[in-house]
Every structure is written in structure tokens, then in C-alpha cells.
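*Asks:* Quick one: the structure is below, questions incoming.
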Ligand code: HEM
């Protein structure tokens, strides 16, 4: 009995000791990092706990409705415009001046290269344009660039307009409609059609679901247990890879032929250049373009609808322009063209302002390839350097009243490297013209077909979202303009 009590007591004592030791470590680490002087030229910041750094706080932000950027925003408040932290066992420095953005984005391959956290590169694949090292990236980007020609954009605009009109013809007036959901379906359809000519049916539904799971897993802890988000993401990648593999082999064997050789997959398969991409590279990059071009665009469109709804003056100016374009005749009968989009001067500024304020991609991840200095701080080789696009987009020294939605601010030239929604330099978004075109088509059809009201003004952010995403999904009630005018 006594020996049992002694055992129990010993058990309690060791528990207390462990807890006390843990608390002590926590306090020491907190105290050390808070009081750390920056006399050594290293950016200020909290190193966090031994081994895990500030990963737990980062994950807590991802799992909150303030969104992952809250982690970054708070540290800017505590430490200033450039700070250092430790995430997933690696050092990250967040930089936020246009000069540092210029130096880093223009120096691709010299002192800096791109680097995503490991979980992202595993989900996208090692040949993905987004994750490839400098040399490999140059080769793949060269191949993919040819797919994004003006001719391709021109036919994409008409195809996307058809999809938008088709979708809108099913939208109910009266009941609540979630813009986020509709925009995601539209973007998914457009990307699947453009990339692999997949238009309808079961496989498209599987594709939509898999892409959603993959996006959710991007920021998850890379735990391979069967029930984790990360494992679900890996499973989704496997499903997409299998669909692509089947598609490639059917096309190669002649079982399936796309009538028009317009889709991206067919163009990549048929290339007969010495430097053509192999099947693994093709699959990883088709997947990359699907991911790069869906959640981003769906979120950007959703924020745009919210911002415009909240700014009646903008809405009125926009309506005037778009109804005039419609009145000019073409868009009632035919599909929108690239030329029509070029006439949308004000709408184009609305799109740019929505992209600035939404800052869908919040920072641009790079890695330092050698010791260097940024914003007056020493950066060591191997550190991750994240260019904080959102901070720059809301910097009051660059944009007056940055929290006001004011498309007219883009009537003037803007400061170089102050608009980073699509990045800049050698890694600029390949689909940026496509994305802008999609937003213009969507805006034109929405404005000229409906009156709408957003019925939930909540700006909370969706948990676990890689790209800034509205939790509410932007619910709207639509009234048809056409019924009124008929
Ligand atoms: C509103 C929608 C979009 C936004 C905000 C956006 C934003 C971005 C950003 C910030 C980057 C990374 C730049 C960097 O790290 O320096 C990027 C890269 C990329 N985006 Fe987009 N994007 C959008 C739509 C699209 C679309 C529709 C496609 C078409 C398939 C696309 C394809 C790509 C590709 C392939 C890359 C990798 C470029 C490279 O590393 O060379 N994006 N995008």
C-alpha cells in the first residue's frame, strides 16, 4: 500500500517537474526573444519555443476566423515592418518595403529563389512551376508561357463568357446565393475545360472536390495519419494524378482525341521540341495551373462583389459604364471579346482595387541563397524571406486611406512594386491577364443582368484557407434587371 502511494506520489512529482520545466522553458524563450536586442543586425522577432518556434501560434491563426495573416499583422505591430520568426523548424523573415520587394523579385536565381513550405511542394509535386528550383523553373516556365498567348486569351474570354451566362441562367432570384461557391464552380469549370477539355460529368465533380481538399491541405501540418487534412490532400493529389495519367494515356493511344487541339494538355503532349516536358512534369504543372487558377480567382471575385456592394458610388459609376457597353449592342447578342474588355476602363480599375484590398495571395515566399542585407538587416543564407504583399497594399505612405475602396486611385501611375497581387519579376503570375479578364467578364454579366444585395456583411476569414477567403461565402439576393426592363 505504502509502496503504491510512493509510486503515485513519484508519478505526480515527475508530472509537476515536467510541467514546471516546460513553463520555465516557455518563459525563458519568451523573455529571451522579447528582450533580444537587434544590435547584431538580425531582424527583430520572437524565436518562440525551442524546436517548434512560433508554429503553434501560426497554426492557431490559420485555425481562426481572423485568418493566417493575423499572425503576420500582430508581429508587424510588435516588431516593425521587418521581422523574423521560426515556422516548421525554419527561419522566416517578413519584409515589407517596395525597395526590398524590387531587390528580391528582380534577383531571382542570384541571391534569392522561390521556396514554399514543404507540405505545399509535396502536394503540388516537385516538378511544379511554383516549387521548382531556378534552373528547372526557367525551363518549365519557358514551355508554359507559350500556352498563355494573346490568341489563347482571346478564345478563353469567349469560352468563359459562355460559362458565366450558362451559370447565371440557373441562378435563382429571391433565394440566397453564395457568390463564393458559384465563383469556385465557374473557375473550376473554366480551368478544367481550358487545361484538359473536361466539361461535365462525374470526373468534373471528383476534380472539384479533390481540388478543394488539396487547397485545404496546403497549410496543414504535414502529418501522414489517415484522418489528417494533409493525408486527405495527398489522397486528393493521387486522385487528380490518376485522372491525368488516364487522360494522357488515352490520348497517346488514340482512344480519346480532342477534336480541337486547343487544350493545354494536348499542346504539351504534342510538343516535339528537345526540351519538351516529360509526363511527370506535365502532370505536376497541369495540377499547378488548376490550383493556381481556381481558389485565387474565386476568392478575388467574391471579395470584389463584396467591396462593390459596400460602395454604392463605385457601383453607380460601374453600372453606367457597363450598361453603356451593353447598350452599344454587341454583348446582348454575341459573347464578350478581348476588345470589349479593353473598353472597360473603370471596371478595370475596380478589378485592380479589389485585388489590392483582397490581397488574395498575402505574401510571396522566397529563400536567400547567400548571406545578404535587406531593409538594413542581415539575412543569412537558407532563411526564408517572405515579401509581405498585403502590408505593402495597405501601406498609408503608398496608398492614401488604404482601407477605403477607391478604384480611381489607379487613374494615376502607381509606385513600382507597390501592386503585388500577381507578384513581379521572373515569377510573375502566368495567368494574370486571364484572371483580370475573368473578373471583368464576371463583373459585366453580374452588373448588366442583376441588382444584388450582400446579406451578410461579416468579413471573417475562412479557417484553413491558403488564400484569403470570406467565411460567409458572400451570400447575395439577386433581382433580375432583364425582367424589369422587359
Ligand atoms: C485573381 C487570381 C490570381 C491571383 C491573385 C494570382 C496570383 C499569383 C501570385 C501572387 C503568384 C506568385 C508570384 C510570386 O511568387 O512571385 C502566382 C503564380 C502563378 N499563377 Fe497566378 N494568380 C491568379 C490566377 C491565376 C490563373 C487564372 C492562372 C492560370 C492558370 C494562374 C497561374 C499561375 C502560375 C502558373 C503561377 C506560377 C508562375 C511562376 O512561378 O513562374 N494564376 N499567381
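Numbering (my numbering), first residue to last: 1160 to 1645.
Every residue, glycine too, gets a C-beta built ideally from N, C-alpha and C.
(1) From the DSSP output, in three-state form, read off residue 1527 for me.
(2) State the CB to CB distance for the pair residue 1330 and residue 1637, rounded to an integer number of angstroms; the pair is presumed to be in contact (CB under 8 Å).
(3) When DSSP labels each residue in this structure, what does residue 1636 get in the three-state scheme?
(4) With a cut-off of 8 Å, do at least 3 Cβ pairs link the region 1557-1575 to the region 1252-1271?
(5) Could you tell me which of 1610, 1625, 1251, 1278 sits nearest to residue 1382, measuring between CA atoms?
(6) What does the alpha-carbon distance come out to for the pair residue 1303 and residue 1433?
(7) When the Cα atoms are used, what is the spatial distance from residue 1593 to residue 1440?
(8) What do you reckon, are the CB atoms on residue 1232 and residue 1244 nearer than 8 Å?
(9) Indicate whether the contact test is met: 3 or more Cβ pairs, each with one atom in the region 1514-1531 and one in the region 1467-1478, closer than 8 Å.
(10) Which of the three DSSP states, helix, strand or coil, is assigned to residue 1545?
(11) Residues in its own chain within less than 8 Å of residue 1336 by CB, not counting five upstream and five downstream?
(12) Give me whichever residues DSSP pairs with residue 1251 in a beta bridge.
(13) Regarding residue 1590 and ligand 1, is the C-beta to nearest heavy atom distance less than 7 Å?
(14) Provide the residue span of the alpha helix (DSSP H) that contains residue 1228, from first to last.
(15) Is it true that the CB of residue 1596 sits closer than 8 Å to the CB of residue 1316?
(16) With burial defined as no fewer than 16 other Cβ atoms inside 10 Å of the residue's Cβ, what is the status of residue 1543: buried or exposed?
(17) Decide if residue 1216 is buried, meaning its Cβ has at least 16 other Cβ atoms within 10 Å, or exposed.
(18) So who's on the other strand from residue 1611, going by DSSP bridges?
(19) Determine the burial state of residue 1250: buried for a count of at least 16 other Cβ atoms within 10 Å of its Cβ, exposed for fewer.
(20) By alpha-carbon positions, which one of 1242, 1307, 1207, 1214 ends up nearest to residue 1452?
(21) Taking the alpha-carbon of residue 1503 as reference, which of 1513, 1577, 1483, 1518 has the nearest alpha-carbon?
(22) Can you name, in chain order, every residue of its own chain whose Cβ lies under 7 Å from the Cβ of residue 1190, other than the five neighbours on each side?
(23) How about the region 1528-1541 and the region 1581-1593: do they share at least three Cβ pairs that are nearer than 8 Å?
(24) Note down, in chain order, each residue of its chain lying with its Cβ closer than 6 Å to the Cβ of residue 1261, except the 5 sequence neighbours on either side.
(25) Under a Cβ-count criterion, where at least 16 other Cβ atoms within 10 Å of its own Cβ denotes burial, should residue 1270 be classed as buried or exposed?
(26) Is residue 1512 helix, strand or coil when you go by DSSP?
(27) With hydrogens ignored, establish whether the beta-carbon of residue 1456 is closer than 7 Å to any heavy atom of ligand 2.
(28) With C-beta atoms as the reference, is residue 1241 less than 8 Å away from residue 1534?
(29) Work out the CA separation of residue 1273 and residue 1295 for me, nearest whole Å.
(30) Since I believe residue 1565 is in contact with residue 1512 (beta carbons under 8 Å), could you give me their beta-carbon distance rounded to a whole number of angstroms?
(31) Going by DSSP, name the residue or residues bridged to residue 1537.
(32) May I have a chain-ordered list of the beta strand (DSSP E) segments no shorter than 3 residues that lie completely inside the region 1448-1519?
(33) If you pair each beta-carbon of the region 1209-1229 with each one of the region 1612-1628, do three or more pairs fall below 8 Å?
(34) State the beta-bridge partners of residue 1620 as determined by DSSP.
*Replies:* In short, the structure shows the following:
(1) strand
(2) 6 Å
(3) strand
(4) yes
(5) 1278
(6) 15 Å
(7) 22 Å
(8) no
(9) no
(10) strand
(11) 1330, 1634, 1635, 1636, 1637
(12) 1244, 1543
(13) yes
(14) 1228-1238
(15) yes
(16) buried
(17) buried
(18) 1637
(19) buried
(20) 1307
(21) 1483
(22) Because residue 1190 carries a pLDDT of 47, less than 50, the predicted location of this residue cannot be relied on, and no value is offered for it.
(23) no
(24) 1576
(25) buried
(26) helix
(27) As presented, the structure is devoid of ligand 2, carrying ligand 1 as its sole ligands.
(28) yes
(29) 12 Å
(30) 7 Å
(31) 1532
(32) none
(33) yes
(34) 1629
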